[in-house]
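Residue numbers (our numbering), protein chains in the order written: chain G, 1 to 216; chain A, 1 to 285. Glycine included, every Cβ here is placed at the ideal spot set by N, Cα and C. In what follows, a structure is listed as structure tokens, so that the remarks can point back to it.
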Amino acid sequence: MTFDWGYAFSQVPKLLEGLRITVEATLLGSVLAMALGLVFALLRRSRFRVVSRGTKAFVEFVRSTPLLVQLFFLYYTLPNYGFKTSAFITGVIGLGVHFATYTSEVYRAGIEGVPTGQWEAATALSLPYHRVWTSVILPQAIPRVLPALGNYVISMFKEVPLLSAITVVGLLGEAKELGSHSFKYLELYTFVGILFLVVSLPASFLVRRLERRFGQ
Amino acid sequence: MASDTGTPDHTARTGPAPASVSDDAATRGGPMVRFDKVVKRFGQHVVLRELSFDVASGERVTLIGPSGSGKTTILRMLMTLEECNGGTIEVDGDYLTHMRKGERLVTADEKHVRQVRRKIGMVFQQFNLFPNMRVLRNVIEAPVHVLGLSKDEAEDRGRRLLEMVGLSDKLEAYPSHLSGGQQQRVAIARALAMQPKVLLLDEVTSALDPELVAEVLNVLRDVANTTDITMLIVTHEMHFARDVSQKVMMFDQGQIAEQGPPEAIFSDPQQERTRAFLHAVLDER
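What follows is the structure, encoded as structure tokens:
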């Protein structure tokens, strides 16, 4: 069996189209995961027990169940409750919520890493609650957790192929479809691997630079 | 702001007045700070048991005593950084951790605490500047967002204060680029920018290299000489205590072992505990 380079390269444009969808899902999912993760982290610190306990339970639940199950759940049950949307958006929501449970832990560690003296200084100045968060605590907590957040973006990128289970055709789905006509799976999946690598390697490099920049 | 406390000029210095015995906390001319049978526990350990004392308006009081005697706890309770387990604390005629509800005294709500706490400023041993903000921003953050000053007004005030502490050339520097002494001077300016009636100084030179102590103490001497802010000072710098304070309170095991004017306490202590403590502290240098 020989590796058909000509065929492989001829399919690159189509694979790139799949890659574009995979990257888009990752970026949108990451934005959601970072925003929602911060919300979870803050809700877990709520003075109201119902809120903090409830958030904790939800986060634990989502973390302990497989992403694939959650995707199926969203894809097949949401429309029954009048929430009709594309498979792509459903996938982004699934990725975002799932990874938000991880990023919320990252934020939590970052927030706890801010020295007590900062809270005390903010109290001594009587800064309003929201101001303490937006101008004192988060600006110190977030830079140090940027590398950890970046790593989760890369993890998410590698989980996007799961979305093919709910009919989102990303890079992997594209290759599978092409393969069902040409049966040249070796070439297609090799190039799928290479394309994933082409994105995640520079991304890892970026994260390492973040690590160097923000320490720890 | 509290209804009648907004005037920027403080009442004339009254000196160490005898403890007022007025029943009504709201009477003006009463003490600036009053502890009444204050109790503080950390778990089983009782730090303060029914501690009572008054600090008059404009008075400068130095709290001395061995570590663990409760001095810092007193400042932290005033700053509401520690919960009060019993008794009442009054600041400028208002209860700090309590409020009146009809005839009854109930635990103060957030809004009341904020209002009273605004009269108090604190400088910490570890400076606690906000490292993500430049020097001037550190100073104006609270005046803008708590007092509601415009950015221009706050910056004017901030520049004046930073000039007073000798840091006019560091307005745009980040705290991490400053020496400990400079950071502490910024912290003093930051506390003063809120125009507090009471300033709490918690071992403000203890974290500094010896050669930087003087610059901070000089700034504080300036503040003491040019304002009539009430000050509660916890320090091991006895010369400084002697220079600026009208009263020294010697604490031991959460109780006032002895108090009086600094000359009396330092040169002629009546209590053995005070003598032993002063001996140990002054021997050190």
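Next item on the list: Leaving aside the five residues before and after A:Q126 along the sequence, list all residues of the same chain whose C-beta is less than 6 angstroms from its C-beta, in chain order.
Entry: Exclusion of the five residues before and after A:Q126 leaves A207 as the residues of its chain whose Cβ lies within less than 6 angstroms of its Cβ.
Checklist line | Test: G:A124 CB closer than 9 angstroms to a CB of chain A | finding: Residue-level contact check: G:A124 touches chain A, since one or more beta carbons of chain A fall below 9 angstroms from its beta carbon.
Check: For the ligand PLP, any of its heavy atoms closer than 8 angstroms to the Cβ of A:S179?
Finding: Among the components modelled here there is no ligand, and therefore nothing to report on the ligand PLP.
Check: Okay, do the region 89–98 of chain A and the region 138–156 of chain A touch, 3+ Cβ pairs below 8 angstroms being the bar?
Finding: Touching, no, given that fewer than three Cβ pairs across the two stretches are closer than 8 angstroms.
Item checked: Closest by C-alpha distance to A:D54, when choosing among A:D283, A:V248, A:D222 -> The shortest C-alpha separation from A:D54 is found at A:V248.
Notebook entry, point to check: From A:V38, A:E215, A:Q271, A:V33, pick the residue whose C-alpha is nearest to that of A:T87; which is it?
Noted result: Per the sequence shown, residue 87 of chain A should be read as Gly rather than Thr. Comparing Cα positions, the closest option is A:V38.
Margin query: Could you compute how far the alpha carbon of A:Q270 sits from the alpha carbon of A:E103?
Written below: Here the alpha carbons of A:E103 and A:Q270 stand approximately 42 angstroms from one another.
Margin query: Tell me which residues of the region 124–155 of chain G have at least one Cβ-Cβ distance to chain B shorter than 7 angstroms, keeping chain order.
Written below: Of the chains in the structure shown, none is chain B; the protein chains are G and A.
Next item on the list: Could you check which residue in A:T80, A:E211, A:P66 has the C-alpha nearest to that of A:A280?
Entry: Nearest Cα to A:A280 within the set A:T80, A:E211, A:P66: A:P66.
Check: In chain G, which residues lie with their C-beta within 8 angstroms of the C-beta of A:L81?
Finding: Those are E120, T123, A124, listed as they occur along chain G.
Notebook entry, point to check: Quick one: which chain A residues come within Cβ less than 7 angstroms of G:G117?
Noted result: Under the 7 angstroms cutoff, chain A gives F124, Q126, N128.
Note to self: Tell me the residue span of the beta strand (DSSP E) that contains A:K247.
What the structure shows: Start and end: 247–252.
Note to self: At the level of alpha carbons, what is the spacing between G:V132 and G:A122?
What the structure shows: The straight-line gap separating the alpha-carbon atoms of G:V132 and G:A122 is approximately 6 angstroms.
Margin query: Residues in the same chain with beta-carbon distance under 7 angstroms from A:A26, minus the five sequence neighbours each way, listed in chain order, please.
Written below: For A:A26, the pLDDT reaches just 44, beneath the cut-off of 50, and the residue's location in the model is therefore unreliable, although a value from the coordinates is still provided. Within the same chain, A:A26 has close Cβ partners G93.
Notebook entry, point to check: At a cut of 8 angstroms, does the region 174–181 of chain G reach the region 146–153 of chain G through at least three beta carbon pairs?
Noted result: As far as the Cβ criterion goes, the region 174–181 of chain G does not touch the region 146–153 of chain G, which means the pair count is below three.
Next item on the list: Flag this pair as yes or no: are the beta carbons of A:A224 and A:R60 separated by less than 9 angstroms?
Entry: Against a cut-off of 9 angstroms, the Cβ pair of A:R60 and A:A224 comes out as a contact.
Note to self: For chain G, check one thing: does any of its Cβ atoms lie closer than 9 angstroms to the Cβ of A:A264?
What the structure shows: It does not; no Cβ of chain G falls within 9 angstroms.
Notebook entry, point to check: To the nearest angstrom, how far is it from the Cα of G:L172 to the Cα of G:Y152?
Noted result: Taken atom to atom, the span from the alpha-carbon of G:L172 to that of G:Y152 is near 20 angstroms.
Item checked: Through-space distance from G:S126 to A:M164, alpha-carbon basis -> Each residue's Cα considered, the two are about 23 angstroms apart.
Next item on the list: Would you kindly work out how many angstroms separate the C-alpha atoms of A:R190 and G:R20, rounded to a whole number?
Entry: One alpha carbon belongs to A:R190, the other to G:R20, and they sit about 51 angstroms apart.
Notebook entry, point to check: If you count every other CB in all the chains shown that lies within 10 Å of the CB of A:P262, and 16 or more means buried, which is it?
Noted result: Buried.
Check: Using the C-alpha atoms, what's the distance from G:F40 back to G:S30?
Finding: Taking the straight line joining both Cα atoms gives about 15 angstroms.
Notebook entry, point to check: A:G288 versus chain G: which residues are under 9 angstroms apart at the beta carbon?
Noted result: Here chain A covers residues 1 to 285 and nothing more, so residue 288 of chain A does not appear.
Item checked: Beta-bridge pairing of A:F35 - partner residues as DSSP gives them -> Partner(s): A:F53, A:I89.
Margin query: Give me the chain G residues within the contact set of A:P31, using Cβ-Cβ distance strictly less than 8 angstroms, ordered along the chain.
Written below: Residues of chain G passing the Cβ test: none, with the nearest at roughly 21 angstroms.
Notebook entry, point to check: Applying a beta-carbon distance threshold of less than 7 angstroms, which residues of chain G neighbour A:H145?
Noted result: In chain order: L127, P128, R131.
Margin query: Here's the rule: buried if 16 or more other CB atoms are within 10 angstroms of the residue's CB, otherwise exposed. What is A:G58?
Written below: Classification of A:G58: buried, given that the 10 Å Cβ count is 16 or more.
Next item on the list: Look at the alpha carbon of A:L199 and the alpha carbon of G:R209, and state the distance between them as a whole number of angstroms.
Entry: Going from the Cα of A:L199 to the Cα of G:R209 covers about 44 angstroms.
Next item on the list: Tell me, to the nearest whole angstrom, how far the beta carbon of A:V135 is from that of A:L167; I am working on the premise that it is less than 8 angstroms.
Entry: The pair is a contact, with the Cβ atoms about 7 angstroms apart (cut-off 8 angstroms).
Notebook entry, point to check: Would you say A:K71 and A:V234 are within 9 angstroms of each other, going by their C-beta atoms?
Noted result: Between A:K71 and A:V234, the gap from beta carbon to beta carbon is short of 9 angstroms.
Item checked: Beta carbon proximity, A:A191 to chain G, threshold 9 angstroms -> True, the Cβ-Cβ gap to chain G drops below 9 angstroms.
Check: Short check: CB of A:L292 to CB of A:I256, under 9 angstroms?
Finding: Since the first residue of chain A shown is 1 and the last is 285, residue 292 of chain A is not available in this structure.
Check: Measuring CA to CA, which of A:P31, A:E83, A:T107 is closest to A:G43?
Finding: Closest by C-alpha distance to A:G43, out of A:P31, A:E83, A:T107, is A:E83.
Check: Less than 9 angstroms separating the beta-carbons of A:T62 and A:S245?
Finding: In contact: A:T62 and A:S245 (Cβ atoms closer than 9 angstroms).
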